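S.K.: To start, I am sharing the structure in question, which I have written as structure tokens.
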Amino acid sequence: MKGWSGRSGLAKVDLYTRGTVHLIVWVGVLGLTLLLMARPVREDGQLVLVLAASLLAIAQGVLCGRLARHAMDAYLGQGQVPRRLVPWAAAVTAATTSAVVVLATTVDLTGLLPTMLAAALTPFLTVHCLLVRNRTTALIQLVVLVVVCAMVWLTGRTADQALFAVVTPGFLNGWLAFTARASMWMLAVMWELREARDVQARLAVAEERLRFGRDLHDVMGRNLAVIALKSELAVQLARRGRPEAVDQMAEVQIIAQDSQREVRDVVRGYREADLSVELEGARGVLAAAGITCSVRSGDAELPAGIQSALGWVVREATTNVLRHGDARRCTISLRTADDTALLVVENDGAAEAAAGTPGSGLAGLRERLSAVDGTLEAGPARGGRFRLTASVPLGQRTGQDMEEAV
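Terminal number for the sequence shown in this note's numbering: 411, no gaps in between.
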């Protein structure tokens with residue numbers, strides 16, 4: 006068992022709250038027992054009644070203490086209350102209260118009866134309020150006070166005396182029930198906040214895993230496609246005895262080494278796509294695959310965050326052109342209009358494949374663009390072409406804001 010100093014702040018509050026509820030239960034039990042033992046008795050019957058009431062009070066403390074533990078667990082959603090425990094605790098409480106009322110007819114309890122009745126009712130009513138709603142608690146306490154008032158009146162006391170006897174128990178038990186309920190409510194809120202923080206931490210881990218998977222896909226997708234293309238070309242050249250096969254395999258080796266470096270960057274979390282590098286890379290890769298590629302980027306100067314996001318779009322679009330269909334021409338245009346950066350990638354192949362299977366790549370691009378308030382549209386265009394359009398509003402966001410978003 007951990008000591009006080011070894012517990013977390015929430016664990017300390019939990020222990021303090023539970024200990025307070027148990028303390029209320031046993032203060033009522035011990036207070037009633039001491040008051041019973043302190044009264045002078047002159048007859049054996051009175052002594053038996055005092056001992057019986059004391060034993061009932063102790064039994065009530067044991068049952069209500071156990072009920073308190075289960076009730077607090079149930080309130081926090083950490084357990085359930087045994088079905089028979091509540092009626093047993095209620096029965097012993099009723100017996101203890103009845104014993105006090107009967108004892109008041111044989112022993113002089115002048116001035117002490119309200120306090121003793123409050124002590125007899127405190128353990129059960131304080132704990133039971135955690136098991137029912139507030140309105141039900143108020144109704145139960147009212148019914149109990151009416152019954153006790155009637156019992157006191159039936160012992161021969163006047164109506165004023167009977168009413169006075171339940172005033173103290175009414176106020177005291179109402180206040181204790183409110184205190185216990187409010188304390189457990191605050192404890193429950195703290196546990197919910199703790200669970201929410203744990204969920205937030207797990208979501209952060211899940212988001213980081215998704216980021217890693219997305220970056221790995223974006224980094225390796227195009228490189229693997231190029232490696233496959235150049236390897237196939239090298240095989241064909243080698244079969245024909247052409248010396249260019251060695252050059253193609255040398256390029257494959259360079260691409261593989263670059264891929265290793267980029268994967269390490271992804272793992273470290275430092276990977277960003279450079280838009281100008283990606284545009285030139287797309288032109289070179291597509292040209293090597295026999296696809297005529299024209300790039301029109303203009304002189305637009307974009308924030309670093311937007312350049313990185315659009316760089317990933319160029320990389321993924323190039324990968325899709327290589328992977329799907331048999332495109333012969335591809336155009337990449339970048340321009341700014343109405344405070345919006347527009348990147349359009351269009352090719353004359355892969356219309357059906359790309360439209361039918363968007364894949365995880367486009368989903369990852371949409372996530373990247375959403376971080377800078379951008380959008381992505383992909384689908385068939387006129388003339389049997391396929392068009393991918395990424396738009397990012399320039400707005401008034403600073404370059405630093407864009408970098409943090411990406």
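Just so you know, even glycine gets a beta-carbon here, dropped at the ideal spot from N, CA and C.
Source: prediction; values computed, not measured.
Span of the beta strand (DSSP E) holding ILE337?
M.R.: As a position in the sequence shown, residue 337 is number 332, starting the count at 1. Counting along the chain, the unbroken beta strand (DSSP E) around ILE337 starts and ends at 334–342.
S.K.: Please state whether DSSP places GLY226 in a helix, a strand or coil.
M.R.: Residue mapping note: residue 226 aligns to position 221 of the sequence shown, counting from 1. Helix, per DSSP.
S.K.: Once the 5 residues before and after ARG334 are set aside, which same chain residues still bring their CB inside 6 Å of it?
M.R.: Here residue 334 refers to the residue found at position 329 when the sequence shown is read from its first residue. Answer for ARG334: THR297 and ASP353, listed in chain order.
S.K.: Give me, in chain order, the residues of the same chain whose beta-carbon lies closer than 7 Å to that of HIS27; leave out the 5 immediate sequence neighbours on both sides.
M.R.: The residue you call residue 27 lines up with position 22 of the sequence shown. Cβ neighbours of HIS27 within its own chain (closer than 7 Å, five residues either side excluded): GLY70 and ALA73.
S.K.: To the nearest whole angstrom, what separates the beta carbons of GLU372 and ARG219, a pair I think is in contact under 8 Å?
M.R.: Looking up residue 372 in the sequence shown gives position 367. Looking up residue 219 in the sequence shown gives position 214. Their Cβ separation, rounded to whole angstroms, is 7 Å, which keeps GLU372 and ARG219 in contact under 8 Å.
S.K.: Buried or exposed: where does GLN83 fall if 16 or more other Cβ atoms within 10 Å of its Cβ makes it buried?
M.R.: Looking up residue 83 in the sequence shown gives position 78. So GLN83 ends up on the exposed side.
S.K.: Looking only at C-alpha atoms, which of TRP9, VAL231 and LEU117 sits nearest to ARG44?
M.R.: Within the sequence shown, residue 44 is the residue found at index 39, counting from 1. Closest by alpha carbon: LEU117.
S.K.: From the DSSP output, read off the bridge partner residues of PRO385.
M.R.: As a working note, residue 385 is residue 380 in the sequence shown. Paired residue(s): PHE391.
S.K.: Can the beta-carbon of GLY303 be found less than 8 Å from the beta-carbon of LEU280?
M.R.: Taking the first residue of the sequence shown as position 1, residue 303 is located at position 298. Taking the first residue of the sequence shown as position 1, residue 280 is located at position 275. The answer is no: Cβ separation not under 8 Å.
S.K.: If you run the structure through DSSP and keep just helix, strand and coil, what is SER302?
M.R.: The sequence position of residue 302 within the sequence shown is 297, counting from 1. If DSSP states are grouped into helix, strand and coil, SER302 belongs with coil.
S.K.: Give the range of the beta strand (DSSP E) segment to which LEU347 is assigned.
M.R.: Numbered from 1 along the sequence shown, position 342 holds the residue referred to as residue 347. Run containing LEU347: 345–352, per the beta strand (DSSP E) assignment.
S.K.: Taking the alpha carbon of THR173 as the reference point, which residue from MET121, ALA182 and VAL157 has its own alpha carbon closest?
M.R.: One-based indexing of the sequence shown puts residue 173 at position 168. It is MET121 whose Cα lies nearest to the Cα of THR173.
S.K.: Which residues in the same chain as ALA123 place their Cβ atom closer than 8 Å to its Cβ, once the five residues preceding and following it in sequence are excluded?
M.R.: Locating residue 123 in the sequence shown gives position 118, where the first residue counts as 1. So the list reads GLY33, THR173, PRO174, LEU177 and ASN178, once near-sequence residues are dropped.
S.K.: Let me know if GLY389 comes out buried or exposed under the rule of 16 or more other beta-carbons within 10 Å of its beta-carbon.
M.R.: Taking the sequence shown and counting its residues from 1, the one referred to as residue 389 is at position 384. GLY389 comes out exposed.
S.K.: Looking only at DSSP bridge pairs, what is SER396 linked to?
M.R.: Against the sequence shown, residue 396 aligns to sequence position 391. According to DSSP, which records beta bridges pairwise, SER396 is partnered with LEU347 and THR380.
S.K.: Which residues share a DSSP beta bridge with THR297?
M.R.: Looking up residue 297 in the sequence shown gives position 292. Beta-bridge pairing links THR297 to ARG334.
S.K.: Using DSSP with H/G/I as helix, E/B as strand and the rest coil, what is GLN166?
M.R.: For the purposes of this step, residue 166 is identified with residue 161 of the sequence shown, where counting begins at 1. GLN166 falls in the helix class under three-state DSSP.
S.K.: Please list, in chain order, all residues of the same chain as THR380 whose beta carbon is under 7 Å from its beta carbon, the five residues on each side excluded.
M.R.: In the sequence shown, residue 380 corresponds to position 375, counting from 1. If we look at THR380 and ignore the five residues flanking it on each side, its Cβ neighbours are LEU374 and SER396.
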